[in-house]
Amino acid sequence: MPDTLTVTDNRTGKTYTLALHDGNIRAIDLRQIQTNPDDFGVMSYDPAYTNTAACRSSITYIDGDKGILRYRGYPIEQLAEKCTFPEVAYLILNGELPTPDQAQDWNEHLMRRTMLHENVKKFMEGFHYDAHPMGMFISTMAALSTFYNEAKKVLDPEVRKLEVLRAISKVPTIAAYTYRHSMGLPYVYPDNSLTYTENFMNMLWKMTEPVYKPNPAIARALDILFILHADHEQNCSTSAMRGVGSSQADPFVATAAAAAALYGPLHGGANEQVLRMLDEIGSKDKVPAYVAAVKNNKGKLMGFGHRIYKNYDPRARILKWAAERVFEVTGRNPKLDIALELERIALEDDYFVQRKLYPNVDFYSGIIYQALGFRPEMFTVLFAIPRTVGWLAQWEEMITDPEQKIARPRQVYTGKALRDVPARP
Ligand code: SDX
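Basically the working numbering = 1-based index in the sequence shown + 615.
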């Protein structure tokens, strides 16, 4: 059977044979379907790209109906159980898990670039005392572009490798500085003798003790949270990364653009909104009334639903497990009981079942972050740290894809036809 589609244009009676590539048509092949030689030809109209593949990618595979998520072919469940975040970051960026020697070399490189230029601290001190950490994160990431001018040489593979490393090494430092700023505490310099995640804890929580001693259970929980959030194929923020990067802007401003997209409450900002929703509900017995209000179109269940997952988000399942491990150290977050009741009721209710609305990655992550002592404003920053790895891996794939060029979608024009400016009095 030929890998083609035969399409008949009923306006003209003409038929066209469209080639299928991996089971898909190339949208540009629709343009040959014209009613006359002056006709622009057919486009595919797809607001929010609900059925449009903008790229070919080998990084992450999701099967939304089966609730499957794999990085470079490895199931997320196995990566979360058996690997460290730096190992998974290496996998996402390079396509293979590191050998022990490669892992040691990678960790050394990661921990060698954790410091920020002292002027970055001055830049951050300019923020208001109650500035939202995500606004500070986005601005500071963009500001790094002014410190590393050579990052503009995006077509040079050696430059890309260095700047990717710089960005990944520095995001925990930026994130920690936003946290310390919001708490009115002095910034803590990196301790490169610690692991990536332990050092993040050091820069967050070190007080007057001479040397910070990270709690291993908390470090492992953060590592798992980072693994779960590292990449997720062509989500909104990754699409922003690819779009901005396609103009050959440097990776720091592209990452800032991606982080700006992540900040939205429908995307990575949802984890903060989940906690506000649970606070608004207040107690388990008030869950039915809240669910009824959502069903009457008075808001959304934050942390529920997904464009791709029409089954349980596999990350949410792992986060439920990780929450219990964290609570063994921090004490149980009572918000979990409200969340579990909300999930129980929603998963039995036709309104949510029909719409295939299940808990997503943001539903449980905030409860864990709050138990670790973070305020809701920090939750999306904690999402952005690991997702920087995914954004940069996707950026690298876009830059090196011979089929990719500057992103410039078409439109269906619905405005006024040609008209003249009226004669002036
Ligand atoms: C992330 O893309 C990714 O991969 C993202 C992410 C990643 O790792 O990068 O997974 C991270 O962003 C997770 C999603 C976090 N956002 C939220 O939890 C916010 C709440 N969720 C919704 O806003 C919504 O579910 C989205 C944005 C996640 C998905 O929206 P879609 O695919 O555009 O679905 P839709 O808005 O067209 O909804 C379909 C129907 C609608 O009802 P009807 O108009 O058919 O009657 O489902 C309803 C929606 O009203 N609906 C919800 C709902 N989500 C969708 N109703 C109540 N509560 C919700 N959460």
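In this text, a Cβ means the ideal position worked out from N, Cα and C, and glycines have one as well.
Being a predicted model, the structure only gives us computed values, none of them experimental.
| Item | Value |
| --- | --- |
| Under 9 Å between the Cβ atoms of residue 920 and residue 984? | no |
| Nearest to residue 900 by alpha carbon, out of 936, 718, 954 and 674? | 954 |
| What do you reckon, is the C-beta of residue 848 under 8 Å from a heavy atom of the ligand SDX? | yes |
| Determine the DSSP secondary structure at residue 977, reduced to helix, strand or coil. | helix |
| With a threshold of 7 Å on Cβ separation, who are the neighbours of residue 724 within its own chain once the five nearest residues in sequence on each side are excluded? | 780 |
| Could you name the residues of the same chain whose beta carbon sits closer than 7 Å to that of residue 863, not counting the 5 residues immediately before and after it, in chain order? | 769 |
| In the DSSP output, which residue or residues are listed as bridge partners for residue 685? | 676 and 690 |
| Tell me residue 743's beta-bridge partners as DSSP assigns them. | Residue 743 pairs with nothing; no bridge assigned. |
| Excluding sequence positions up to five away, which residues of its chain have a Cβ less than 7 Å from the Cβ of residue 647? | 631 and 656 |
| Which term fits residue 1035, buried or exposed, when burial requires 16 or more other beta carbons within 10 angstroms of its beta carbon? | exposed |
| Can you tell which of 1016, 793 and 1038 has the C-alpha that lies nearest to the C-alpha of residue 670? | 1016 |
| Using the three-state DSSP reduction, which class does residue 927 fall into: helix, strand or coil? | coil |
| Can the beta-carbon of residue 827 be found less than 9 Å from the beta-carbon of residue 806? | yes |
| The beta strand (DSSP E) that contains residue 629, what's its start and end? | 629-634 |
| What does a CB cutoff of less than 6 Å around residue 875 pick up in its chain, not counting 5 residues either side in sequence? | 753 |
| So what does DSSP say about residue 703, is it helix, strand or coil? | helix |
| Go ahead and pull the three-state DSSP assignment for residue 771. | coil |
| What would DSSP say about residue 595, mapped onto helix, strand or coil? | Past the edges of the chain, shown from 616 to 1040, lies residue 595, and the structure says nothing about it. |
| Where does the unbroken alpha helix (DSSP H) through residue 968 begin, and where does it stop? | 965-969 |
| Using a Cβ-Cβ cutoff of less than 6 Å, which residues in the same chain neighbour residue 1022 once the five nearest sequence positions on both sides are dropped? | 858 and 861 |
| Is residue 781 near the ligand ZN, with its Cβ less than 8 Å from a heavy atom? | By its list of ligands, the structure shown excludes the ligand ZN, since it contains just the ligand SDX. |
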